[in-house]
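**Q** The numbering used here numbers the first residue of the first sequence as 64 and each following residue consecutively. From the three backbone atoms N, C-alpha and C, an ideal C-beta is built for every residue, glycine too. Take this structure first; my questions come after.
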Amino acid sequence: MAINEGYDFRQTEKKWQKIWEENKTFQAKDQDDREKFYGLIEFPYPSGVGLHVGHIRAFTSIEIISRMKRMQGYNVLFPIGWDAFGLPTENFAIKTGRNPREVTDENIKTFTQQLQAMGYSFDWDRTVDTTDPDYYKWTQWIFLKLFENGLAYKDTCYVNFCENCKVVLANEESQGGVCDRCGSEVVQMEKNVWFLRIKQYSEKLLEGLNEVDFLPRIKVEQQNWIGKSTGAEVTFKIAGEEDTLVIYTTRPDTLYGATFMVIAPEHPIIDKYADKIKNIDEIYAYREEAKKKNEFERVQLVKDKTGVRIDGLRAVNPVNGSELPIFVADYVMMGYGTGAIMAVPAHDTRDYEFAKKFDLPIIEVVSGGDISEEAYTDCNDGIMVNSGILDGLTVPQAKEKIIAYLTEQGVGHQQTNYNMKDWAFNRQRYWGEPIPIIECPHCGLVGVPEEELPLRLPEVKNYKPTATGESPLSEIEEFVNCKCPKCGAPAKRETDTMPQWAGSSWYFLRYMDPHNSEALASPEALKYWGPVDWYNGGMEHVTRHLIYSRFWNKVLYELGIVPFSEPYKKRTYQGLILGEDGEKMSKSRGNVVNPTDYVDKYGADVFRTYMMFLGDYEKAVPWSSNSIIGVKRFLDKIWELQSVCTDDPGYSPAHTELMHETIKKVTEDILAMKFNTAVAAMMKAVNTIVSDKTVTKGELSDLVVLLAPYAPHICEEIWQNLGHEGILSSSNVWPTYDPAVLENRSVEIPVQVNGKLKGVIRAAKDADVEALKAQLKADERFAAFDFDAAVKTIYVPGKILNFIIR
RNA sequence: GCGGGCAUGGCGGAAUUGGCAGACGCGCAGGAUUUAGGAUCCUGUGUCCCCGACAUGUGGGUUCGACCCCCACUGCCCGCACCA
Numbered sequence: 064m065a066i067n068e069g070y071d072f073r074q075t076e077k078k079w080q081k082i083w084e085e086n087k088t089f090q091a092k093d094q095d096d097r098e099k100f101y102g103l104i105e106f107p108y109p110s111g112v113g114l115h116v117g118h119i120r121a122f123t124s125i126e127i128i129s130r131m132k133r134m135q136g137y138n139v140l141f142p143i144g145w146d147a148f149g150l151p152t153e154n155f156a157i158k159t160g161r162n163p164r165e166v167t168d169e170n171i172k173t174f175t176q177q178l179q180a181m182g183y184s185f186d187w188d189r190t191v192d193t194t195d196p197d198y199y200k201w202t203q204w205i206f207l208k209l210f211e212n213g214l215a216y217k218d219t220c221y222v223n224f225c226e227n228c229k230v231v232l233a234n235e236e237s238q239g240g241v242c243d244r245c246g247s248e249v250v251q252m253e254k255n256v257w258f259l260r261i262k263q264y265s266e267k268l269l270e271g272l273n274e275v276d277f278l279p280r281i282k283v284e285q286q287n288w289i290g291k292s293t294g295a296e297v298t299f300k301i302a303g304e305e306d307t308l309v310i311y312t313t314r315p316d317t318l319y320g321a322t323f324m325v326i327a328p329e330h331p332i333i334d335k336y337a338d339k340i341k342n343i344d345e346i347y348a349y350r351e352e353a354k355k356k357n358e359f360e361r362v363q364l365v366k367d368k369t370g371v372r373i374d375g376l377r378a379v380n381p382v383n384g385s386e387l388p389i390f391v392a393d394y395v396m397m398g399y400g401t402g403a404i405m406a407v408p409a410h411d412t413r414d415y416e417f418a419k420k421f422d423l424p425i426i427e428v429v430s431g432g433d434i435s436e437e438a439y440t441d442c443n444d445g446i447m448v449n450s451g452i453l454d455g456l457t458v459p460q461a462k463e464k465i466i467a468y469l470t471e472q473g474v475g476h477q478q479t480n481y482n483m484k485d486w487a488f489n490r491q492r493y494w495g496e497p498i499p500i501i502e503c504p505h506c507g508l509v510g511v512p513e514e515e516l517p518l519r520l521p522e523v524k525n526y527k528p529t530a531t532g533e534s535p536l537s538e539i540e541e542f543v544n545c546k547c548p549k550c551g552a553p554a555k556r557e558t559d560t561m562p563q564w565a566g567s568s569w570y571f572l573r574y575m576d577p578h579n580s581e582a583l584a585s586p587e588a589l590k591y592w593g594p595v596d597w598y599n600g601g602m603e604h605v606t607r608h609l610i611y612s613r614f615w616n617k618v619l620y621e622l623g624i625v626p627f628s629e630p631y632k633k634r635t636y637q638g639l640i641l642g643e644d645g646e647k648m649s650k651s652r653g654n655v656v657n658p659t660d661y662v663d664k665y666g667a668d669v670f671r672t673y674m675m676f677l678g679d680y681e682k683a684v685p686w687s688s689n690s691i692i693g694v695k696r697f698l699d700k701i702w703e704l705q706s707v708c709t710d711d712p713g714y715s716p717a718h719t720e721l722m723h724e725t726i727k728k729v730t731e732d733i734l735a736m737k738f739n740t741a742v743a744a745m746m747k748a749v750n751t752i753v754s755d756k757t758v759t760k761g762e763l764s765d766l767v768v769l770l771a772p773y774a775p776h777i778c779e780e781i782w783q784n785l786g787h788e789g790i791l792s793s794s795n796v797w798p799t800y801d802p803a804v805l806e807n808r809s810v811e812i813p814v815q816v817n818g819k820l821k822g823v824i825r826a827a828k829d830a831d832v833e834a835l836k837a838q839l840k841a842d843e844r845f846a847a848f849d850f851d852a853a854v855k856t857i858y859v860p861g862k863i864l865n866f867i868i869r
């Protein structure tokens, strides 16, 4: 397009999007000689509302990095796909009476158009869709591997259940006691459900964090979620019975201070001794009450401990033989440790409150606190007292000694515990991967034979979950009834589907070889492309998708399917974009920003650049369109530079330092995800050059290359206008800076007297003090100071010159 | 309760990690252009009693020098949570 007409983004952006598509500019080449770079974004859920600004912020970072890497000569894999199974689509289908397949296809179409209009450099030939049978065939295949290796099992226990969505939830989906999807309170329900043994991988998932480059906050949150603690299991005999009560504690050193025991309401010992417990009716009533409380209520009642003493059972302390009463209380959870604790009120706040309420003895065993006021929980300064063999020891010494003693006596041992629970894996819904399992009356649970995969979702008329909390699939007889693959007897299929997280737990592997019909991906492709070099996504997935996919990858690694144990070398995150009111964007608040409005008005280049200029990438930022005009002016300025451009292929002397400085800043800032300051540096360079009213072809070319990752369309156009051959986006043209240019230049050195700034002088970077002094004496601005009288002179070359004059 | 983070002009945010606080952008003011408005371009823009002094949530400390390090406090945000 003609330079003097001004820049028309509508025409130019379409033009280049078409050229990129036709030339397959962004196609990743398998087994190429160039160094590979695999950049990954969290593939979107194609919802009906389309792309939102959060997507743009999340995607543009890796987009910029991928574009830079391509122009640095890397073979880049930057793929896109659709995480398309899930409740919103299903609910929408139910509401409108449409087929979820149809709705999904429509949404994918919208998303594709919107993403292409952003000019993203995805390799569209590798697009995956988790709802495509060719894809979920392999999701089911991985499930079978898990099942065959004992990592998927069925068990009856209390699970999180959302009464609104009518679906079982994993712990990761019900954080804070509310449903991830609808926000309603989660209740505990006893159900027979599928679990994946993620807990068994706790230690491996923790250790793996040592070998990856994840931002610290991500590691911390995963560590918290896994929740490792070390302590001891101690066996208490039940007085007069053969049975024992095993407890877990992190403070075995306080064993002599135990004055009672507490077990969870669901503890099996209650049923076992039902006929010996005199107040069993009262205990059962308490258990029923506890069941009714959801997690939210339990937290609310933290300060108000409740419980019932078991009349008829007592436990014996293995170190001193004292008999202790046993209580049932809901502050002890069946799901953690052994579901039973020894209570040491003197040194545990919860036990202290309970003891006060029930008027139980409090025995101090660590000195240093005032137990008449509150529990003394400190482990550092105290000395053991009233503790037999432990008296006089410090807490750490006492821990070590008591564990050794318990082990020797056969009544205890060191024990590590993890908070993370096994992953509840089935959902009572239609729009998910069918679980490929058959229940045979003779053989039990049997996997669907591999050659029968994919086990397709049957077409149904009604997608509604049933009133009994069973999957809609359970009502389709042709699907349910089948033959046992082992013995041929009539059998029934599992009718629940997998959770939304299943398809996303391995999609990054499929991108490496998306059309393979023989394997989830070929070993060569996995070896060449894996692992992912840089993965960016939201903090909200750190204790969900990110931990699930690391788990699946570790299993696949151990089975020899995948050649790397950690799937992601580097993981970063983007801050949330809040509504203009500073609140989280949501439909109900009415503060949602539609990116399309801005893309239509200013173009994709301006919008992408503005999103990155908005602020610190990792921080939450309220949306504001106030300064988007500044980015438009910036792009217009660089466009206008074409009219004052000379044919000189190099840099003019006046701009050499500026160019090298800008190249360094932009290159380094992109890799550090400081996208805002890279834009600022380019603006500064352009402003300087604009005010000089002349630019060389060499300068403008390099500026355009630096800007291309942010604003690729306008840069391609200028690049072409400048007479360069080929497509900028796939050319190996990223400029490098010459450190010598930046080293040798003169610098401005602030001159201080007694720490107060008096002025600035220009000097060589490595000038010596005497030379600078001479320069100052000759400078009339500093005539008032007698530098020779300085008691002390501080000189940091290139940084500061400070005279202390009394 | 435990863990992590943040606090800088009217606004979004910079500051090479101890060395010119406020880069860059918005906004605002003045000017140019225009019949006018918009758009665009130039100049200015932390505060004040404008030589100079005071300024990075508050109070102290270390240092020639502190947004940066240390101590205490205040206010926001995030994560986990009767986790034994």
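What are the boundary residues of the alpha helix (DSSP H) that includes H723?
**A** Here the alpha helix (DSSP H) through H723 covers P716 to L734.
**Q** With C871 as the anchor, note down where its alpha helix (DSSP H) starts and where it stops.
**A** Outside the displayed range of the chain (64 to 869) lies residue 871, so it cannot be described from this structure.
**Q** Are Y858 and V816 close, meaning C-beta to C-beta below 8 Å?
**A** Against a cut-off of 8 Å, the Cβ pair of V816 and Y858 comes out as no contact.
**Q** Quick one: residues in its chain with C-beta nearer than 7 Å to the C-beta of P517, no 5 flanking neighbours on either side, listed in chain order?
**A** P196, Y199, K200 and Q203.
**Q** Which whole-angstrom value describes the C-beta separation of L766 and V749, a residue pair presumed to lie in contact below a C-beta threshold of 8 Å?
**A** Indeed they touch by this definition, with Cβ atoms about 7 Å apart.
**Q** Among the candidates P424, Y347 and M397, whose CA atom is the shortest distance from the CA of E385?
**A** Position check: residue 385 holds Ser in this sequence, whereas Glu was assumed. Among P424, Y347 and M397, the Cα nearest to that of S385 is on P424.
**Q** With a threshold of 8 Å on Cβ separation, who are the neighbours of Y439 within its own chain once the five nearest residues in sequence on each side are excluded?
**A** The answer, listed in chain order, is A409, H410, E427, V429, G431, G432, D433 and G445.
**Q** Do the stretch 289-297 and the stretch 649-666 meet, that is, are 3 or more Cβ pairs less than 8 Å apart?
**A** Because the criterion of three Cβ pairs below 8 Å is not met, the stretch 289-297 and the stretch 649-666 do not touch.
**Q** Please list, in chain order, all residues of the same chain as C442 whose beta carbon is under 7 Å from its beta carbon, the five residues on each side excluded.
**A** Closer than 7 Å at Cβ, skipping near neighbours: V458.
**Q** Pick out whichever of F106, F89 and Q135 has its Cα sitting closest to the Cα of T799.
**A** The shortest Cα separation from T799 among F106, F89 and Q135 belongs to Q135.
**Q** Counting beta carbon pairs with one atom in the stretch 83-99 and one in the stretch 559-568, are three or more of them shorter than 8 Å?
**A** The answer is no - the stretch 83-99 does not touch the stretch 559-568, with fewer than three Cβ pairs under 8 Å.
**Q** I'd like to confirm the pairing. Which residues does DSSP put opposite E513 in its beta bridges?
**A** Note: E513 sits in no beta bridge, so no partner.
**Q** Determine whether the beta carbon atoms of R189 and P577 lie at a separation below 8 Å.
**A** The answer is yes: Cβ separation under 8 Å.
**Q** Is A584 helix, strand or coil when you go by DSSP?
**A** In the structure shown, A584 sits in coil (DSSP, three-state: anything other than H, G, I, E or B).
**Q** Figure out for me which residue from A827, F488, A467 and T307 has the closest Cα to the Cα of Q478.
**A** Among A827, F488, A467 and T307, the Cα nearest to that of Q478 belongs to A467.
**Q** Would you mind stating whether M324 and I261 have Cβ atoms separated by less than 8 Å?
**A** Cβ atoms of M324 and I261: not closer than 8 Å.
**Q** So for F845, helix, strand or coil by DSSP?
**A** The answer is helix: DSSP assigns F845 an H, G or I state.
**Q** Short check: CB of F210 to CB of I143, under 8 Å?
**A** Going by C-beta atoms, F210 is not nearer than 8 Å to I143.
**Q** To which residues of the same chain is H105 closer than 6 Å at the C-beta, ignoring the five residues directly before and after it?
**A** It is worth fixing the name first, because residue 105 is Glu in this sequence and not His. Closer than 6 Å at Cβ, skipping near neighbours: G600.
**Q** Compute the Euclidean distance between the alpha carbons of A741 and H723, then round it to the nearest angstrom.
**A** Near 13 Å, if we compare the C-alpha coordinates of H723 and A741.
**Q** If N255 and K217 are in contact, beta carbons under 8 Å, what's the gap, nearest whole angstrom?
**A** Between K217 and N255 the Cβ distance is about 6 Å, and since that is below 8 Å, they are a contact.
**Q** Quick check: what's the CA-CA separation for S450 versus V379?
**A** In a straight line, the C-alpha of S450 is about 16 Å away from that of V379.
**Q** According to the Cβ coordinates, are G102 and I125 closer than 8 Å?
**A** Against a cut-off of 8 Å, the Cβ pair of I125 and G102 comes out as a contact.
**Q** Within 10 angstroms of its Cβ, does K92 collect 16 or more other Cβ (buried), or is it exposed?
**A** Exposed, by the Cβ-count rule.
**Q** Under 8 Å, with one C-beta from each stretch per pair, do the stretch 321-337 and the stretch 497-509 reach the 3-pair mark?
**A** No, the stretch 321-337 is not in contact with the stretch 497-509.
**Q** Under 6 Å Cβ to Cβ from M46, same chain only, skipping five residues before and after it: list those, please.
**A** Here the chain covers residues 64 to 869 and nothing more, so residue 46 does not appear.
**Q** Reducing DSSP to helix, strand and coil, say where A295 ends up.
**A** Strand.
**Q** Candidates A717, A588, N525 and W702: which alpha carbon is nearest E153's?
**A** Here the closest residue by C-alpha is N525.
**Q** Compute the Euclidean distance between the alpha carbons of V729 and I781, then round it to the nearest angstrom.
**A** Each residue's Cα considered, the two are about 19 Å apart.
**Q** Report yes if the C-beta distance between L259 and F488 is below 8 Å; otherwise report no.
**A** Yes, the pair counts as a contact, with Cβ atoms nearer than the cut-off.
**Q** Note down, in chain order, each residue of its chain lying with its Cβ closer than 6 Å to the Cβ of P712, except the 5 sequence neighbours on either side.
**A** Counting only Cβ-Cβ distances below 6 Å, and skipping sequence neighbours, we find K760 and G761.
**Q** State yes or no: is the C-beta of E427 nearer than 7 Å to some heavy atom of the ligand SAM?
**A** Here there are no bound small molecules, and the ligand SAM is not part of this structure.
**Q** Helix, strand or coil: which one does DSSP assign to G455?
**A** In the structure shown, G455 sits in coil (DSSP, three-state: anything other than H, G, I, E or B).
**Q** Would you identify the three-state DSSP class for Y415, choosing helix, strand or coil?
**A** Reduced to three states, the DSSP call for Y415 is helix.
**Q** Return the CA-CA distance between Y70 and A582, expressed in angstroms with no decimal places.
**A** Each residue's Cα considered, the two are about 49 Å apart.
**Q** Using CA coordinates, which residue listed in K633, N616, K632 and D393 is at the minimum distance from V625?
**A** Selected option, being the one with the closest Cα: N616.
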